[in-house]
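Visitor: Okay, here's the structure, questions in a sec.
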Amino acid sequence: MENILFLAHSETDGALAKAALEALTAAKSLGGALTAGVVGSVALPVAERTLAVCGPEFSAPRYASDAAAAELLIRTSGASLVIAACTSRWVRVLPGVAHRLGGRADTHVTQIKPADGKIAIRRWFYRQRMEAELERSQRPWIILVEPGCYEPFAGSLNGAMEPLTPPAVEARTRVEGVQAPRADEQTIRPDAKLLFVAGAGWTKKQRDGKEHIEEAEKLILGFLNAAQASLGSSKSLVDLSGEGQKVLRFLTHLNQVGQTGATPRHPKGLATCCHGEEPHVVGWRFIRERRAVNLDPNCGWARGKADVVYVADAFEVMAKVNELLKAESSQRA
Ligand SMILES: Cc1cc2nc3c(=O)[nH]c(=O)nc-3n(C[C@H](O)[C@H](O)[C@H](O)COP(=O)(O)OP(=O)(O)OC[C@H]3O[C@@H](n4cnc5c(N)ncnc54)[C@H](O)[C@@H]3O)c2cc1C
């Protein structure tokens, strides 16, 4: 029998984020007793027994404090199996913790399942092109569950809290505060209903023989704000900045979708001025409803990669769409 620890970092109010609740569902799916371990400024009960390392110095992500807290929680629980969400915070820290404990860690795990009395995991390799199922004999085995693979746990969370004396942390980094753009300035919105992809065509010379970069920026940002869509891009467009060409200022490599970029999970996608080449479209594998606007009737999207292709000028189409969205919102107001 495995001794299971569900490990989470809490939000500032002690609650668990969606990714943590999904990992909790994965942990509970294995059955048997479950201990929870929580790191953060405050912690609330999660399981029958919840160990907690709390305090202001455990609020913000920082390798030294997160690793020390996770190590203490795993040692105290005596867990052989540790299940956590594959968040950017944990993925930086937990492989190092596994090394300290003589165990192993696996990241980007999509499924955990009992197999003939043992535990097996499934995970992807090579950007979701290959799927492997594996088991490990080393313990503790730390399993980081990829967000979006399990339903968030919706049951009630209660039990006894067991606060631990926080470990002494020698940290070179002091967190003084967090500077982040306002939420409505973010262009990457994982929870949006629509992924809007901008391709290199937005920066190319148009019918009048001229580039219209400022107009492109206005149209794209206007649409993103009105529809609260998430912004993706092709590699060609994000690479242009490196080649000293005029670019859309709000795009970075983080927006890139595709084989060497991201694989977003929005339910719908709209590609504009993007050719729809295979290395880009592989990043769309989780997007079920796909539409594209392209001047070229032979573009990749028209070859079975989109459900609907509008053979049209994206500048005209998006200007009209923005106009309709504006009219709709003023009708609602
Ligand atoms: C190993 C490898 C990995 C790669 N990884 C990625 C990746 O992760 N992501 C990625 O995106 N690419 C990737 N690529 C590059 C990919 O193959 C394509 O080169 C790239 O996606 C092309 O970008 P694009 O469609 O925006 O640009 P283009 O190919 O230049 O297409 C521009 C499109 O805009 C259209 N257009 C122009 N003006 C208008 C207008 N007014 N209205 C409507 N349409 C218009 C044109 O018809 C054209 O189809 C990779 C390539 C390799 C070799």
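Letter by letter, the sequence shown follows residues 672 to 1004 of the working numbering. The beta carbon of each residue, even a glycine, is placed where N, CA and C say it ideally should be. As the structure is a prediction and not an experimental result, all values here were calculated from the model.
(1) If I measure Cβ to Cβ from arginine 775 and keep anything under 6 Å in the same chain, skipping five residues before and after, which residues do I get?
(2) Report yes if the C-beta distance between proline 732 and serine 712 is below 8 Å; otherwise report no.
(3) Can you tell me where the beta strand (DSSP E) holding isoleucine 745 begins and where it ends?
(4) Quick check on this structure: which residue in Val753, Cys944, Arg962, Gln1002 has the alpha carbon closest to the alpha carbon of aspartate 1040?
(5) Enumerate, from N- to C-terminal direction, the unbroken beta strand (DSSP E) stretches of 3 or more residues contained entirely within the segment 917-997.
(6) Residues in the same chain with beta-carbon distance under 6 Å from serine 751, minus the five sequence neighbours each way, listed in chain order, please.
(7) Starting from proline 785, follow its DSSP beta bridges and name the residues at the other end.
(8) Does the segment 927-946 come within contact of the segment 898-908, defined as at least 3 CB pairs closer than 8 Å?
(9) Considering only C-alpha positions, which residue in the set Arg920, Ser681, Asp978, Val724 is nearest to isoleucine 958?
(10) Note down the Cα distance separating isoleucine 884 from arginine 798, rounded to an integer number of angstroms.
(11) Using a Cβ-Cβ cutoff of less than 7 Å, which residues in the same chain neighbour alanine 690 once the five nearest sequence positions on both sides are dropped?
(12) Give a yes or no on whether the C-beta atoms belonging to valine 780 and arginine 800 are separated by under 8 Å.
(13) What's the gap between the Cα of valine 953 and the Cα of threonine 934?
(14) Please report how far the alpha carbon of leucine 815 lies from the alpha carbon of tryptophan 761, in whole angstroms.
(15) Give the straight-line distance between the Cα atoms of glycine 975 and alanine 686, rounded to the nearest whole angstrom.
(16) Output yes or no for whether 8 Å exceeds the beta carbon distance between valine 717 and alanine 679.
(17) Return yes when the C-beta of glycine 870 is under 7 Å from any heavy atom of ligand 1, and no when it is not.
(18) Among the candidates Ala990, Ala714, Ala863, whose CA atom is the shortest distance from the CA of aspartate 684?
(19) Taking 7 Å as the line, does the beta carbon of cysteine 1006 fall inside it for any heavy atom of ligand 1?
(20) Check whether the segment 840-851 touches the segment 870-882, taking contact to mean three or more Cβ pairs, one atom from each stretch, closer than 8 Å.
(21) What does the Cβ neighbour count give for serine 681, buried or exposed, with the cut at 16 atoms within 10 Å?
(22) Hey, how far is the Cα of leucine 865 from the Cα of arginine 746?
(23) Using only the alpha-carbon positions, how far apart do valine 840 and serine 736 sit?
(24) What's the C-alpha gap between cysteine 820 and phenylalanine 894?
(25) Here's the rule: buried if 16 or more other CB atoms are within 10 angstroms of the residue's CB, otherwise exposed. What is alanine 694?
(26) Over the uninterrupted alpha helix (DSSP H) stretch that includes proline 766, give me the two end residues.
(27) Determine, using beta carbons only, whether valine 980 and alanine 973 come nearer to each other than 8 Å.
(28) Taking 7 Å as the cut-off, is the CB of alanine 985 close to at least one heavy atom of ligand 1?
(29) For phenylalanine 796, count neighbouring Cβ atoms within 10 angstroms of its own Cβ and tell me buried if that reaches 16, exposed if not.
(30) Going by Cα to Cα distance, which pick from Asp910, Ala942, Gln782, Gly749 is closest to glutamate 804?
(31) Determine the closest residue to alanine 898 out of Ala786, Ala738, Gly767, Glu999, with distance taken between C-alpha atoms.
(32) What do you reckon, are the CB atoms on lysine 939 and threonine 874 nearer than 8 Å?
(33) So is glutamate 742 buried or exposed if we call it buried at 16+ other beta carbons inside 10 Å?
(34) Would you decide whether serine 748 is buried or exposed? Buried here means 16 or more other CB atoms lie within 10 Å of its CB.
(35) Proline 727 by DSSP, collapsed to three states: which one?
Guide: In short, the structure shows the following:
(1) For arginine 775, where only same-chain residues beyond five positions count, the Cβ hits under 6 Å are Ala769, Arg807, Gln809, Trp812.
(2) Not closer than 8 Å, so no.
(3) Counting along the chain, isoleucine 745 falls outside any beta strand (DSSP E), though it belongs to the alpha helix (DSSP H) covering 734-748.
(4) Summary: the structure shown does not reach residue 1040, with the chain confined to residues 672 through 1004, and so no result is reported for it.
(5) As for any beta strand (DSSP E) of minimum length 3 sitting wholly inside the segment 917-997, the runs are 939-943, 960-965, 979-982, ordered along the chain.
(6) Close CB contacts of serine 751 within its chain, under the 6 Å cut and outside five residues either way in sequence, are with Glu673, Asn674, Arg810, Pro811 (chain order).
(7) Answer is Ile790.
(8) At 8 Å Cβ cutoff, the stretches touch.
(9) It is Asp978 whose Cα lies nearest to the Cα of isoleucine 958.
(10) Cα-Cα distance, rounded: 32 Å.
(11) If we look at alanine 690 and ignore the five residues flanking it on each side, its Cβ neighbours are Ala756, Thr758, Pro818.
(12) A distance of 8 Å or more separates the beta carbons of valine 780 and arginine 800.
(13) Cα to Cα, valine 953 sits roughly 8 Å from threonine 934.
(14) So the two alpha carbons sit approximately 8 Å from each other.
(15) Approximately 44 Å between the Cα atoms of the pair.
(16) The answer is yes: Cβ separation under 8 Å.
(17) Yes, the beta carbon of glycine 870 sits closer than 7 Å to at least one heavy atom of ligand 1.
(18) The candidate whose alpha carbon is nearest that of aspartate 684 is Ala714.
(19) The first residue shown for the chain is 672 and the last is 1004, placing residue 1006 beyond what the model contains.
(20) Contact fails: fewer than three Cβ-Cβ distances are below 8 Å.
(21) Per the 10 Å Cβ criterion, buried.
(22) Looking at the two C-alpha atoms, the distance is approximately 43 Å.
(23) Distance between the alpha carbons of valine 840 and serine 736 is about 6 Å.
(24) One C-alpha to the other measures close to 29 Å.
(25) Buried.
(26) Its alpha helix (DSSP H) spans residues 759-771.
(27) At the C-beta level, valine 980 and alanine 973 come within 8 Å of one another.
(28) A distance criterion of 7 Å places the beta-carbon of alanine 985 in contact range of ligand 1, judged by its closest non-hydrogen atom.
(29) With a 10 Å radius around the Cβ and a threshold of 16 neighbouring Cβ atoms, phenylalanine 796 comes out exposed.
(30) Among Asp910, Ala942, Gln782, Gly749, the Cα nearest to that of glutamate 804 is on Gln782.
(31) Among Ala786, Ala738, Gly767, Glu999, the Cα nearest to that of alanine 898 is on Glu999.
(32) Lysine 939 places its beta carbon 8 Å or farther from that of threonine 874.
(33) Buried: at least 16 other Cβ atoms inside 10 Å.
(34) Looking at its Cβ environment, which holds 16 or more other Cβ atoms inside 10 Å, serine 748 is buried.
(35) Assignment of proline 727 by DSSP, reduced to helix, strand and coil, places it in the helix class.
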